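*Asks:*
Protein chains: 2
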Amino acid sequence: MPRPSQRDRILDAYTELVVTSGPETVTLEAVATAAGVSKGGLLYHFGSREALLEGLLERARGLNDDDLAAARAAPEGVAAYYLRTSVDEPVAGSPVYRATVALIKLATTEPRAAEATRRCLAGWRAALTEELGDPLSADLVAAVGDGIYLRAIVGDSSEGLGAAIDEVIRRTSPR
Amino acid sequence: MPRPSQRDRILDAYTELVVTSGPETVTLEAVATAAGVSKGGLLYHFGSREALLEGLLERARGLNDDDLAAARAAPEGVAAYYLRTSVDEPVAGSPVYRATVALIKLATTEPRAAEATRRCLAGWRAALTEELGDPLSADLVAAVGDGIYLRAIVGDSSEGLGAAIDEVIRRTSPR
DNA sequence: GTCTATACGCGGATAGAC
DNA sequence: GTCTATCCGCGTATAGAC
Numbered sequence: 004m005p006r007p008s009q010r011d012r013i014l015d016a017y018t019e020l021v022v023t024s025g026p027e028t029v030t031l032e033a034v035a036t037a038a039g040v041s042k043g044g045l046l047y048h049f050g051s052r053e054a055l056l057e058g059l060l061e062r063a064r065g066l067n068d069d070d071l072a073a074a075r076a077a078p079e080g081v082a083a084y085y086l087r088t089s090v091d092e093p094v095a096g097s098p099v100y101r102a103t104v105a106l107i108k109l110a111t112t113e114p115r116a117a118e119a120t121r122r123c124l125a126g127w128r129a130a131l132t133e134e135l136g137d138p139l140s141a142d143l144v145a146a147v148g149d150g151i152y153l154r155a156i157v158g159d160s161s162e163g164l165g166a167a168i169d170e171v172i173r174r175t176s177p178r
Numbered sequence: 004m005p006r007p008s009q010r011d012r013i014l015d016a017y018t019e020l021v022v023t024s025g026p027e028t029v030t031l032e033a034v035a036t037a038a039g040v041s042k043g044g045l046l047y048h049f050g051s052r053e054a055l056l057e058g059l060l061e062r063a064r065g066l067n068d069d070d071l072a073a074a075r076a077a078p079e080g081v082a083a084y085y086l087r088t089s090v091d092e093p094v095a096g097s098p099v100y101r102a103t104v105a106l107i108k109l110a111t112t113e114p115r116a117a118e119a120t121r122r123c124l125a126g127w128r129a130a131l132t133e134e135l136g137d138p139l140s141a142d143l144v145a146a147v148g149d150g151i152y153l154r155a156i157v158g159d160s161s162e163g164l165g166a167a168i169d170e171v172i173r174r175t176s177p178r
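Structure follows, in structure tokens:
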């Protein structure tokens, strides 16, 4: 896999369309146009719709792993990192975030996307447990973050929680 | 609207298929067969795919309103009710729960379903705020419940939280 | 009311030119 | 590598019989 810049542009377009319009409504034609190529051009890089999906899954997994590593190295800690980015990214829209939202939307239809999503969520839960010690605290923080994702997907924001991340972490810990 | 039993059977089938296979992959043919009628028969009751969706949305809204009323009247309280049912229903599978999951899955593609979902979530948040007083506590419990829904949708369970609902409520409250 | 038959359009995929 | 042209199958919706 050399450096197929065109492949990435196509995946970018696909991701973007899934995020905005939802899966299944996205046609190869639409992805190709958005990426600046023709349907035939797209199908040269990805032999089928299935292959295109697989490409997105692979990239989403990679981006998530990197993000998880960044969280582990973050001074604020994994918990604050996870909650903060969950709340902020809907606006900022980093590549990881977009890929993750696309993943979840695809998960409503594609079993492979659902599996990839579970893998991501499990990774965060593991890192949180590692950091917080108490499993319930970890599961709570994780669930709050997951809830924020669900809201983002249906078009709801979570500023209330975003403004009180430290307090949220304090409350979720054992008393 | 008299008592169109056939309409309901069709909506049941549609809901079930959306929950299991995801939206958009569900064809009118499949819904008709699952409901025990032909495509033509289905289209007599619902003039178009759009009308079928609208039917599901309407029913989901109604079921959710009823559930919200039940929660408000429940001795355990709204918070415990919301968390408990979120965790348990994936197994039990009540009509409200199925309708809600279908709603969320549809929300990834259909703006109207997204709006209906936001309306439902807002209703729970309002009831929780009313009961708990503190807005942050309410938002926290709501977010945890929402997170549990997200997990259910991607095929993850949340037994850990389900086994500690009282503790969850205790921790989310102000200290 | 419910069915069958059919028209119609669209999306995925292939073939082959450039 | 990328495009155009084309084929094929499927899903929605309509028409009309029963």
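Protein chains in written order, with the numbering used here: chain R, 4 to 178; chain B, 4 to 178. C-beta: ideal position from N, C-alpha, C; glycine also. All of these numbers come straight from a predicted model, not from anything done at the bench.
Which runs of the beta strand (DSSP E) spanning at least 3 residues fall entirely within the stretch 24–67 of chain B, listed in chain order?
*Replies:* Taking only runs of at least 3 residues, no beta strand (DSSP E) segment lies wholly in the stretch 24–67 of chain B.
*Asks:* Using 8 Å as the threshold, is the stretch 167–175 of chain B in touch with the stretch 133–145 of chain B, meaning 3 or more CB pairs across them?
*Replies:* Yes, the stretch 167–175 of chain B touches the stretch 133–145 of chain B.
*Asks:* Give me the Cβ distance between B/Leu139 and R/Glu134, rounded to the nearest whole Å; I'm assuming they're in contact under 8 Å.
*Replies:* About 22 Å; that fails the 8 Å criterion.
*Asks:* Based on Cα-Cα distance, which residue from R/Ala74, R/Arg101, R/Leu86, R/Ala129 lies nearest to R/Ile168?
*Replies:* When each option's Cα is compared against that of R/Ile168, the closest is R/Leu86.
*Asks:* Does the distance from the CB of R/Leu153 to the CB of B/Asp149 come in under 8 Å?
*Replies:* Result yes, Cβ atoms of R/Leu153 and B/Asp149 sit closer than 8 Å.
*Asks:* On a CA-only basis, which of B/Thr88, B/Pro93, B/Glu19 is nearest B/Thr36? Give me that one, please.
*Replies:* With distances taken between Cα atoms, B/Thr36 lies closest to B/Glu19.
*Asks:* Is the CB of B/Arg10 under 8 Å away from at least one CB in chain R?
*Replies:* Cβ-Cβ to chain R under 8 Å: no for B/Arg10.
*Asks:* Have a look at R/Leu131, R/Gly50, R/Gly58, R/Ala95 and flag the residue whose alpha-carbon is nearest the alpha-carbon of R/Glu79.
*Replies:* Minimum Cα distance to R/Glu79 is reached at R/Leu131.
*Asks:* What residue ranges within the stretch 90–146 of chain R form continuous alpha helix (DSSP H) runs of no fewer than 4 residues, ordered along the chain?
*Replies:* List check, alpha helix (DSSP H) in window: 98–110, 114–135.
*Asks:* Can you give the Cα-Cα distance for B/Arg122 and B/Ala72, rounded to whole angstroms?
*Replies:* Approximately 15 Å between the Cα atoms of the pair.
*Asks:* Leaving out the 5 sequence neighbours to the left and right, which residues in its chain are closer than 8 Å to B/Val34 when beta-carbon positions are compared?
*Replies:* Counting only Cβ-Cβ distances below 8 Å, and skipping sequence neighbours, we find Ile13, Ala16, Tyr17, Leu20, Leu45, Leu55.
*Asks:* Mind pulling the chain B residues with CB within less than 9 Å of R/Arg2?
*Replies:* Because chain R spans 4 through 178 in this model, residue 2 of chain R falls outside it and cannot be assessed.
*Asks:* How big is the Cα-Cα spacing for B/Ser24 and B/Asp11?
*Replies:* Using only the alpha carbons, I get a separation of about 20 Å.
*Asks:* In whole angstroms, what is the alpha-carbon distance linking R/Leu59 and R/Tyr100?
*Replies:* Looking at the two C-alpha atoms, the distance is approximately 13 Å.
*Asks:* Could you confirm whether any beta carbon from chain B is found closer than 8 Å to the beta carbon of R/Leu143?
*Replies:* At least one chain B Cβ lies under 8 Å of R/Leu143.
*Asks:* Is it buried or exposed, R/Thr30, if we count other Cβ atoms within 10 angstroms and call 16 or more buried?
*Replies:* With fewer than 16 Cβ atoms within 10 Å of its Cβ, R/Thr30 is classed as exposed.
*Asks:* Could you round the C-beta distance between R/Glu27 and B/Thr28 to whole angstroms and report it? I think they count as a contact, below 8 Å.
*Replies:* That pair is a contact at about 7 Å.
*Asks:* Can you tell which of B/Leu164, B/Gly158, B/Val157, B/Asp137 has its C-alpha closest to the C-alpha of R/Val147?
*Replies:* The candidate whose alpha carbon is nearest that of R/Val147 is B/Leu164.
*Asks:* So is R/Ala63 in contact with chain B if we call contact Cβ pairs under 8 Å?
*Replies:* Output row for R/Ala63: interface = no.
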